[in-house]
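Below is one structure, written out as structure tokens; comments come after it.
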Amino acid sequence: MKSYDIEGRKILVVNAGECFHAYQGLCPHQDVCLDEGYFDGQLLTCHQHLWQWDIRTGDAVGLAEAPLEKYEVEVSEGEIFVVQSSALKAVDMLKDVSPASLERLEGLARREQLPAGTVIYEVDDPADDLYVLESGRVEFTIGRDDRTRLAGFMLRKGEVFGWAALLEQHPRRIARAVCHEDSVLLRLNGEAMLEALEADPTSGLMVMRRLATLVARHTTGPQNS
Numbered sequence: 001m002k003s004y005d006i007e008g009r010k011i012l013v014v015n016a017g018e019c020f021h022a023y024q025g026l027c028p029h030q031d032v033c034l035d036e037g038y039f040d041g042q043l044l045t046c047h048q049h050l051w052q053w054d055i056r057t058g059d060a061v062g063l064a065e066a067p068l069e070k071y072e073v074e075v076s077e078g079e080i081f082v083v084q085s086s087a088l089k090a091v092d093m094l095k096d097v098s099p100a101s102l103e104r105l106e107g108l109a110r111r112e113q114l115p116a117g118t119v120i121y122e123v124d125d126p127a128d129d130l131y132v133l134e135s136g137r138v139e140f141t142i143g144r145d146d147r148t149r150l151a152g153f154m155l156r157k158g159e160v161f162g163w164a165a166l167l168e169q170h171p172r173r174i175a176r177a178v179c180h181e182d183s184v185l186l187r188l189n190g191e192a193m194l195e196a197l198e199a200d201p202t203s204g205l206m207v208m209r210r211l212a213t214l215v216a217r218h219t220t221g222p223q224n225s
């Protein structure tokens, strides 16, 4: 396995014998270079804290608490090409959505490039849209005036925020979201997203189950919606 810097991102390419796989080159735990770890033909292990992933899927195994971002690989005439995939494919909440529904959601997504310091939304703004972080970093602040506190960061491609857009009786934002650095976001209208999922009840059920887990995690600690 070997890491490459591609358009400002570190990408790990792994030779699994019968095919090649490409993943994010830094461990999602503490940004350790994964090409310094171990690969036994099936499991990729970070040498720092022994997080492991299934090389076929990027799914977390054992101690690991987050999957790896996967990139498509094409091999042509002896050359390996790493293909950028949609950030929606990295969204854990959409993991079990059917290909047809994912394609519909990709059609709804609006890609926005925002410079550092851009306010994405303020407290009490309408909660109309859901956001997916494609690159960069977004900072969240809870509270008003001099009674504010930081609520955490979205650090990984595919992180979802603004999920109140998918919830009934939550029409207003409860936090302020600001681009901490130059960032690229995918914006999806919550109402249109729900309509797309209603057309595929099985996928819609899986999304709402994962959303419930996400809400529960954030409402027992810092909130970012």
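Read the sequence shown against full-length UniProt numbering and you will find it ends at 225, with the numbers running on by one and no gaps.
Glycine included, each C-beta is placed from N, C-alpha and C at the ideal position.
{"Check": "Simplified DSSP assignment, three categories, for residue 137", "Outcome": "coil"}
{"Check": "Same chain, Cβ closer than 7 angstroms to residue 223, neighbours up to 5 away in sequence not counted", "Outcome": "Here residue 223 scores only 45 on pLDDT, less than 50, and its place in the model is too uncertain to base an answer on."}
{"Check": "Residues of its chain near residue 130, where Cβ-Cβ distance is below 7 angstroms and the 5 sequence neighbours each way are ignored", "Outcome": "160, 162, 163, 165, 166, 188, 190 and 193"}
{"Check": "Residue 81 to residue 21 span [Cα, whole Å]", "Outcome": "11 angstroms"}
{"Check": "Cβ-based neighbour list, residue 11, same chain, cut-off 6 angstroms, excluding 5 preceding and 5 following", "Outcome": "4, 22, 25 and 82"}
{"Check": "Among 205, 210, 119 and 105, nearest to residue 181 - alpha-carbon criterion", "Outcome": "119"}
{"Check": "From 66, 76 and 77, residue whose alpha carbon lies closest to that of residue 91", "Outcome": "66"}
{"Check": "Three CB pairs or more closer than 8 angstroms across the region 93 to 101 and the region 196 to 216", "Outcome": "yes"}
{"Check": "Beta-carbon separation (whole angstroms), residue 44 vs residue 53, contact threshold 8 angstroms", "Outcome": "5 angstroms"}
{"Check": "Heavy atom of the ligand SAH within 7 angstroms of residue 115 beta-carbon", "Outcome": "No copy of the ligand SAH occurs in the structure displayed, which carries no ligand at all."}
{"Check": "Residue 40 to residue 56 span [Cα, whole Å]", "Outcome": "12 angstroms"}
{"Check": "Buried or exposed (CB count within 10 angstroms, at least 16 for buried), residue 98", "Outcome": "exposed"}
{"Check": "Span separating the alpha-carbon of residue 128 from that of residue 105", "Outcome": "16 angstroms"}
{"Check": "8 angstroms contact criterion, which residue 100 and residue 186 should meet: CB distance rounded", "Outcome": "Between residue 186 and residue 100 the Cβ distance is about 19 angstroms, and since that is not below 8 angstroms, they are no contact."}
{"Check": "Proximity of residue 88 and residue 132 at Cβ, strictly below 8 angstroms", "Outcome": "yes"}
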